[in-house]
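A short worksheet on the structure shown next.
There are 2 protein chains.
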Amino acid sequence: MSGTDRTLSRSRTCGNAPIVVLVDPQLGENIGTAARAMLNCGLERLRLVRPRDGWPSEKAVTASAGALERMPPPEIFDDLPPALADLHAVYATTARPRELVKPVLTARAAAAQIRDRQARSEQAGILFGAERMGLTNDDIACAQAIISVPLNPGFSSLNLAQSVLLVAHEWWNAAHAAPDESRLPTGDSRPATQGELEELMVRLETELDGHHFFRNPDMRPTMVRNIRSLFTRALPTEQEIRTFHGIVTALTGGKGPPRTPRTPGQRD
Amino acid sequence: MSGTDRTLSRSRTCGNAPIVVLVDPQLGENIGTAARAMLNCGLERLRLVRPRDGWPSEKAVTASAGALERMPPPEIFDDLPPALADLHAVYATTARPRELVKPVLTARAAAAQIRDRQARSEQAGILFGAERMGLTNDDIACAQAIISVPLNPGFSSLNLAQSVLLVAHEWWNAAHAAPDESRLPTGDSRPATQGELEELMVRLETELDGHHFFRNPDMRPTMVRNIRSLFTRALPTEQEIRTFHGIVTALTGGKGPPRTPRTPGQRD
């Protein structure tokens, strides 16, 4: 039980991220894979209520792929109420509908609530039941709300770690995903300017004219637009523009690009 | 290969949900757990490129917990390009940043794009790499975009099934979760009416007055408001209101509720 004290003292310093409470977990392996899923999503505090195969567990440590060694030691409890005593809000995860009048949230909605509670310095806990049967109705009665992860109703059985992952990942996403849902990394190069793209386009059109690419003059404007459209849609980098200048140079027999975007022949 | 034809004919009838492509998967168990995660989220079409331990795989079937038996048989390919030939858009999942100029989406943003493509009858595929190394840069070059699942940067290693689950679940959520993020099921009972709640509140206040609960008359309005507030916030059912009437009756020595919400003693 000395580990418990270390956990508590460390937890004070690492904020009030939700605590994961596994009730009656059976296999050590499943505790380990659940811990791995927690740490994948930035959750570090784990409580175990009546772990069937005892604790500590070598199998859990192995299955956690290093996660348990980086987390504070799990706190062990003989009963659920003491495991919840210091929490301000408890969320119970269930796969099956229950005969209980209690708000049912998606994991995403629960994650938003938990983030709000954290901002008010409230400590939330998330309960997960045993591998086969899940939480009992008595367990769930201790919770303010139910988290029901939406899944294919024809095939909804998840293992423990998968359940933990889906719920924990919504919590992680609630803080981290929104600001940057889509981005285009360009490595060492920077995005090309419109001017650089224009220069390439003008050069390309000039070369295409010189090589009689546009056989039907009526179609020229449409074809030019389509070529430009492809390049603009691709959001090229400055490096890629230079690469394409090189391609044009190579295909046209080695002449470099003109110094200005004007058509060749003008003023020199 | 007869299974391939059956797959294709069935796939035509089951819509254009994204196809999951596992490139160079190693252990049969991981293919099975990936299939389980797919079916959890309503995805049924699986393609395997160069499965190391061959196909079919008993270990995969066992690990899939029934999923592979309910899905069309996976299609097997010797190389990646033919596995992608009929797709309109390919998304590559990666854990590590790559030296490629390609849009990077969260799984959620990719799910929204894929749903849009489905609405236009386009077929998307999602690539997952081998257990340890993930996809090669050559594999990724075949994709229009990268899906990067946001995770704890200090501990981001996911197993194959966990990766499939997170990405597939965003696709499932994109169609199923939004309309109903929070609800309060009330089982056989219906939510109480405001009138039923009011009747209980009036009765309770009367009993509390009769039992000299409100010692400081100045505080009575505040205390009454707080009691009401707790009951209204709880959104009680009609059954729960009746239960509380029973509680008041029991605590006050067995007198039933008055017939009207008026104070007892009036008119009888």
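Same order as they appear, the protein sequences are chains V and W. Residue numbering for the first sequence follows the working numbering, starting at 1 and increasing by one per position. Residue numbering for the second sequence follows the working numbering, starting at 1001 and increasing by one per position. The beta carbon of each residue, even a glycine, is placed where N, CA and C say it ideally should be.
Same chain, Cβ closer than 6 Å to residue i, neighbours up to 5 away in sequence not counted
i         : result
V:Met201  : Arg228
V:Pro51   : Pro25
W:Leu1087 : Gln1123 and Gly1125
W:Ala1067 : Ala1035, Arg1036 and Leu1039
W:Arg1215 : none
W:Arg1108 : Glu1170
For residue i, the nearest candidate out of the options (CA to CA)
i         : options                                       : result
V:Leu197  : V:Arg96, V:Asp78 and V:Pro236                 : V:Pro236
V:Lys269  : V:Phe155, V:Asn30, V:Phe244 and V:Asp78       : For chain V, the structure presents residues 1 to 268; residue 269 of chain V sits outside this window and is missing.
W:Pro1150 : V:Ala109, V:Gly28, V:Ala143 and V:Leu39       : V:Leu39
V:Pro72   : V:Asp86, V:Gly42 and V:Ala85                  : V:Gly42
W:Glu1131 : W:Ser1157, W:His1212 and W:Ile1247            : W:Ser1157
V:Thr287  : V:Gln113, V:Val61, V:Ile140 and V:Asn173      : Chain V is shown only over 1 to 268; residue 287 of chain V falls outside these bounds and no answer can be derived.
W:Leu971  : W:Ala1119, W:Leu1251 and W:Pro1081            : Residue 971 of chain W lies beyond the range of chain W shown here (1001 to 1268); nothing can be said about it.
W:Thr1106 : V:Trp172, V:Ser64 and V:Pro74                 : V:Trp172
W:Leu1022 : W:Ala1065, W:Ala1092 and W:Ala1085            : W:Ala1092
V:Val101  : V:Ile140, V:Pro18, V:Arg203 and V:His211      : V:Ile140
W:Ala1112 : W:Asp1053, W:Ala1175, W:Asn1226 and W:Met1223 : W:Ala1175
V:Gly54   : V:Ser64, V:Ala65 and V:Pro74                  : V:Pro74
W:Phe1155 : V:Val20, V:Ile247 and V:Ser64                 : V:Ser64
V:Val20   : V:Asp218, V:His211, V:Thr193 and V:Ala168     : V:Ala168
W:Gln1194 : W:Gly1210, W:Ala1234, W:Met1219 and W:Met1223 : W:Ala1234
CA-to-CA distance, residue j to residue i, given in whole angstroms
i         : j         : result
V:Thr94   : W:Leu1046 : 28 Å
V:Asn16   : V:Arg115  : 10 Å
W:Pro1269 : V:Pro103  : This structure cannot settle anything about residue 1269 of chain W, because the visible part of chain W is limited to 1001 through 1268.
W:Thr1136 : V:Glu99   : 50 Å
W:Arg1259 : W:Thr1243 : Note on W:Arg1259: pLDDT 46, under 50, position unreliable in the model; the coordinate value appears next. Those two C-alpha atoms are separated by around 16 Å.
W:Asn1159 : V:Ala35   : 13 Å
W:Ala1143 : V:Cys142  : 48 Å
W:Gln1239 : W:Val1090 : 53 Å
V:Phe128  : V:Pro56   : 19 Å
V:Cys14   : V:Ala161  : For V:Cys14, the predicted structure reports a pLDDT of 42, less than 50, and the residue's modelled location is therefore unreliable. The matter cannot be settled from this model.
V:Leu80   : V:Ser148  : 20 Å
V:Gly253  : V:Phe213  : 16 Å
W:Leu1027 : W:Ser1121 : 34 Å
W:Arg1096 : V:Pro221  : 43 Å
V:Ile293  : V:Glu69   : Any answer about residue 293 of chain V is impossible in this case: the structure gives chain V only from 1 up to 268.
V:Leu204  : V:Ala110  : 55 Å
V:Ala119  : W:Ser1163 : 30 Å
W:Asp1188 : W:Pro1153 : 47 Å
V:Met219  : V:Gly246  : 27 Å
V:Gly134  : V:Arg117  : 26 Å
W:His1211 : W:Asn1226 : 18 Å
V:Met223  : V:Leu230  : 11 Å
V:Asp138  : W:Asp1138 : 53 Å
V:Ala85   : W:Ala1085 : 57 Å
Cutoff 8 Å; reference residue i; Cβ partners in own chain excluding five residues on either side
i         : result
W:Thr1232 : Leu1197
W:Leu1165 : Ala1037, Asn1040 and Cys1041
W:Phe1077 : Arg1047, Leu1048, Val1049, Arg1050 and Ala1083
W:Pro1217 : none
V:Pro179  : Any reading at V:Pro179 must be qualified, since the residue scores a pLDDT of 47, below 50, and its modelled position is unreliable; the value itself is stated next. Excluding sequence neighbours, V:Pro179 sits near nothing in its chain.
Contacts of residue i in chain B (Cβ-Cβ under 8 Å)
i         : result
W:Leu1197 : Checking the listed chains, one finds no chain B in this structure; the protein chains it contains are V and W.
Same chain only: Cβ atoms within 7 Å of residue i, ignoring 5 sequence neighbours per side
i        : result
V:Pro18  : Leu43, Ile114, Ala124, Gly125, Ile126 and Trp171
V:Ile241 : Ala192, Glu196, Leu197 and Leu200
Residue i Cβ short of 7 Å to the ligand SAH heavy atom set
i        : result
V:Leu165 : Ligands in the displayed structure: none, and consequently the ligand SAH is not present.
Under 8 Å, CB to CB, which of the residues in the region 1038-1051 of chain W have a partner in chain V? Leu1039, Asn1040, Cys1041 and Gly1042
When you check each C-beta in the region 1215-1239 of chain W against every C-beta of chain V, which residues fall closer than 7 Å? Thr1237
For the region 73-129 of chain V, list the beta strand (DSSP E) runs that are entirely contained and at least 3 residues long, ordered along the chain. 75-77, 89-93 and 124-128
Worksheet entry | Members of the region 1160-1178 of chain W that neighbour chain V once the beta carbon cut-off is set at 7 Å | Gln1162, Leu1165, Leu1166, His1169, Trp1172, Asn1173, His1176 and Ala1177
Checklist line | Residues in the region 1118-1148 of chain W having any Cβ partner in chain V nearer than 8 Å | finding: none
By the 7 Å beta-carbon criterion, what residues does the region 1059-1078 of chain W contribute toward chain V? Ala1065, Ala1067 and Arg1070
*When you check each C-beta in the region 1087-1101 of chain W against every C-beta of chain V, which residues fall closer than 9 Å?*
Pro1097, Arg1098, Glu1099, Leu1100 and Val1101
Chain V contacts from the region 1017-1028 of chain W (Cβ-Cβ distance under 9 Å): none
Quiz item: Enumerated in chain order, which unbroken segments of the alpha helix (DSSP H) with a length of 4 residues or greater are wholly contained in the region 123-171 of chain V?
Solution: 137-141
Report the start-end ranges of each alpha helix (DSSP H) in the region 19-73 of chain V that is 4 residues or longer and not cut off at the edges. 28-40, 58-63 and 67-70
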